[in-house]
Amino acid sequence: MAQQRSRPSSGYWYAPEPDRERGLNVLNALRDYRSAETAMRRRTRESMGMNETDMLAVRFLLQAEQAGERIGPKDLGTKLGISSASTTTLIDRLVASGHARREDHPTDRRALVIRPTTGSDAEVRATLGGMHARMMAVAASLSDGDARAVIDFLTRMREVLDQDEHQIPPAGTSSGAAEGTGPSV
């Protein structure tokens, strides 16, 4: 199925500036990428029969396993920002679906360790391996300079998004944004 691209934005969020068209084109490309990635994640979740939280949990468990870290229920809940009751339900669901298993903690007999199953790792690799290889090929094709520019740009964009809008100094101060600028939705 062909991915429908967003229409070019009129830029009504942004104050008029000389480089506005170039900026709008970049932000539109980011929106298109975000839409394509969101659609890919939805297809992956549907293919694996999991919801978003399940997928995030399996990813976290697989990363921890690869790093040799022990993850308990509290660690998992904290990472995902969910309550202990929701964490228990999540773990029950992952164990029932064969994506995770509970094990006794090796040094604390009161504690549990949650580990991904070998089948979970294989399923994720089979489902996403081709996509990840194609994405890596595109990223690896960048020159060193282009890669640095993309990394710098995305890092700065993330920093902008991480700012609490209510903590940003008002317009007209040395670090304030221009009046009329706002987030793109």
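Sequential numbering of the sequence shown, starting at 1, is according to this note's numbering.
The beta carbon of each residue, even a glycine, is placed where N, CA and C say it ideally should be.
Taking DSSP as the reference, what is the three-state secondary structure of residue i?
i: D104; result: strand
i: R42; result: helix
i: A2; result: Residue placement at A2 is poorly supported in this model, since its pLDDT is 47, which falls under 50; the coordinates still yield a value, given next. In the structure shown, A2 sits in coil (DSSP, three-state: anything other than H, G, I, E or B).
i: R109; result: coil
i: S184; result: With a pLDDT of only 47 at S184, under 50, the local geometry of the prediction cannot be trusted, and the value read off the model is given with reservation. Of the three classes helix, strand and coil, the one that applies to S184 here is coil, per DSSP.
i: E17; result: coil
If the criterion is Cβ atoms closer than 7 Å, does the pair residue i and residue j meet it?
i: R101; j: T117; result: yes
i: F60; j: K79; result: yes
i: R45; j: M55; result: yes
i: T127; j: M48; result: yes
i: G119; j: G145; result: no
Identify which residue in the options has its Cα closest to the Cα of residue i.
i: T107; options: R70, R45, S141; result: R70
i: F153; options: L30, R20, E17, A64; result: L30
i: T121; options: E65, D104, E21; result: Note that residue 121 is Asp in the sequence shown, not Thr. Checking every option, the nearest Cα to that of D121 belongs to E65.
i: I91; options: D104, V58, N28, G119; result: V58
i: G72; options: E103, Q63, G98; result: E103
i: V113; options: L62, N28, R158; result: L62
i: M50; options: A96, D164, N28; result: A96
i: G68; options: E123, R158, R115, Q163; result: R115
Taking the beta strand (DSSP E) that residue i belongs to, which residues open and close that run?
i: R115; result: 112 to 116
| query | Where are the alpha helix (DSSP H) runs, 4 residues long or more, that stay fully inside the region 132 to 170, in chain order? | reply | 144 to 162
| Minimum length 4: unbroken alpha helix (DSSP H) runs contained in the region 34 to 102 | 52 to 67, 73 to 80, 84 to 96
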